[in-house]
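Trainee:
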Amino acid sequence: VIRGMFTFDSDAQALSGARLTTKLGRKGELIGALGTHGLAKCVFGEAMTHDDTVCLTLYRRVFPPGPDSASGRSGGGAECQVDSDGDEA
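Numbering (our numbering), first residue to last: 2 to 90.
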């Protein structure tokens, strides 16, 4: 059981089946929500220790740039910069 990673049970339920890793190199899977306060049930290949930290890697999907209407090129023409908050600049 993992606590403190999610705020609501819907967050844990939405990410059920996600791959988890720990800072000590163990790999596991998020099974689903446990209760209504954001607890999550997980399965790992090895026994956990009390000083290990569970990590969930999230990826942001990035779409390729659309056609450049000025030069007639498609893709590769437009650049998008993202700041540290994840907002486009």
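All C-beta atoms in this analysis are idealised placements derived from N, C-alpha and C, irrespective of residue type, glycine included. Remember, it's a predicted structure, so these values are computed and weren't measured experimentally.
Less than 8 Å between the beta carbons of phenylalanine 45 and glycine 29, yes or no?
Mentor: Yes, these two residues count as a Cβ contact at 8 Å.
Trainee: What's the gap between the Cα of alanine 15 and the Cα of leucine 31?
Mentor: Cα to Cα, the separation comes out at about 10 Å.
Trainee: Label cysteine 43 either buried or exposed according to how many other C-beta atoms from any shown protein chain fall within 10 Å of its C-beta, with 16 as the threshold for buried.
Mentor: When all chains shown are included, cysteine 43 counts as buried.
Trainee: Does alanine 13 come out as helix, strand or coil in the three-state DSSP assignment?
Mentor: Alanine 13 falls in the helix class under three-state DSSP.
Trainee: Please state whether DSSP places leucine 21 in a helix, a strand or coil.
Mentor: DSSP places leucine 21 in strand when its eight states are reduced to three.
Trainee: Just to confirm, is the Cβ distance from alanine 19 to alanine 34 under 8 Å?
Mentor: No. Outside cutoff.
Trainee: Determine the direct distance from the alpha carbon of tyrosine 60 to that of leucine 67, and round the result to whole angstroms.
Mentor: According to the sequence shown, residue 67 is glycine rather than leucine. So the alpha carbons of these two residues sit roughly 21 Å apart.
Trainee: Expressed to the nearest angstrom, what Euclidean distance is found between the alpha-carbon atoms of histidine 38 and valine 63?
Mentor: When rounded, the distance between both Cα atoms is 32 Å.
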